[in-house]
Amino acid sequence: MRSKVCYHAVDSHTEGMPTRVITGGVGVLPGATMAERRQRFMAERDGLRTLLMCEPRGHGAMSGAILQPPTRPDADFGVLFIEVSGCLPMCGHGTIGVATVLVETGMVEAVEPETLIRLDTPAGLVTARVAVRDGRAESVTLENVASYSHALDQVVEVAGFGPVRYDMAYGGNFYAIVRTE
């Protein structure tokens with residue numbers, strides 16, 4: 005079979021959550037920062053995301069990460085996080101999947117007892133520390149971008165339910181924090 009395009013991917017999972025790590029075939033995305041690359045990718049190459057994440061190659065819970073050269077000198081790899089619904093600035097389980105794939109495939113040298121990998125993400129620099137034993141990744145700890153309270157004591161009207169109070173936090177993505185009482 006002849007194909008005009010060939011993408012290289014390694015499928016991983018983080019306690020069952022899938023991450024398809026695209027290790028080749030995409031080329032270098034345009035943009036001076038990973039945030040710019042994310043914006044350009046969403047505007048110009050979103051069909052690649054749907055090809056890799058949606059049926060028949062993916063599924064509703066599929067997440068992915070496209071490896072790129074970093075845009076900053078203090079990073080080892082650039083990462084663009086993709087999923088069925090779009091592109092994220094940051095993904096925790098995706099970062100764990102990427103770090104594991106980088107060690108397990110030999111894309112980074114496995115250093116025992118811990119391998120440090122610095123990732124350039126659209127949200128900023130994220131550090132993954134991979135616990136390594138006998139050359140294999142055992143666990144990953146990550147240091148995310150700075151988190152903060154973006155907006156406190158906000159209210160949104162939910163149709164059929166009424167007003168809902170929430171706080172908005174940031175930790176690579178925005179999260180609404182709602183009391184369930």
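Numbering-wise, this note's numbering comes out as the position in the sequence shown, counting from 1, plus 4. Here a beta-carbon is modelled for each residue, glycine too, at the ideal position from N, C-alpha and C.
Assumed close pair residue i, residue j - CB separation to whole angstroms, cut-off 8 angstroms
| i | j | result |
| --- | --- | --- |
| T27 | G101 | Not quite, the Cβ-Cβ distance comes to about 12 angstroms (not below 8 angstroms), so this is no contact. |
| Q72 | R41 | 7 angstroms |
| G176 | A127 | 4 angstroms |
| G64 | F85 | The Cβ separation is near 17 angstroms, so there is no contact. |
Endpoints, the beta strand (DSSP E) within which residue i is located
| i | result |
| --- | --- |
| V160 | 152–162 |
| F165 | No beta strand (DSSP E) holds F165; DSSP gives it neither H nor E. |
| S16 | 12–18 |
| P22 | 21–28 |
| C91 | 90–92 |
| E87 | 81–87 |
Assigned exposure category for residue i - 16 Cβ within 10 Å defines buried
| i | result |
| --- | --- |
| S67 | buried |
| D78 | exposed |
Limits of the alpha helix (DSSP H) - the one that residue i falls within
| i | result |
| --- | --- |
| D50 | 50–57 |
For residue i, the residue or residues it bridges with in DSSP
| i | result |
| --- | --- |
| L106 | Answer by DSSP bridge pairing: none, since L106 is not bridged. |
| E118 | A135 |
| R140 | R137 |
Taking 8 angstroms as the cut-off, does the segment 108–117 touch the segment 149–157 (at least 3 CB pairs, one atom from each stretch)? no
Across the segment 77–93 and the segment 36–53, are there enough close Cβ pairs to call them in contact, namely three or more that are closer than 8 angstroms? yes
Within 8 angstroms, do at least three Cβ pairs link the segment 128–137 to the segment 160–168? no
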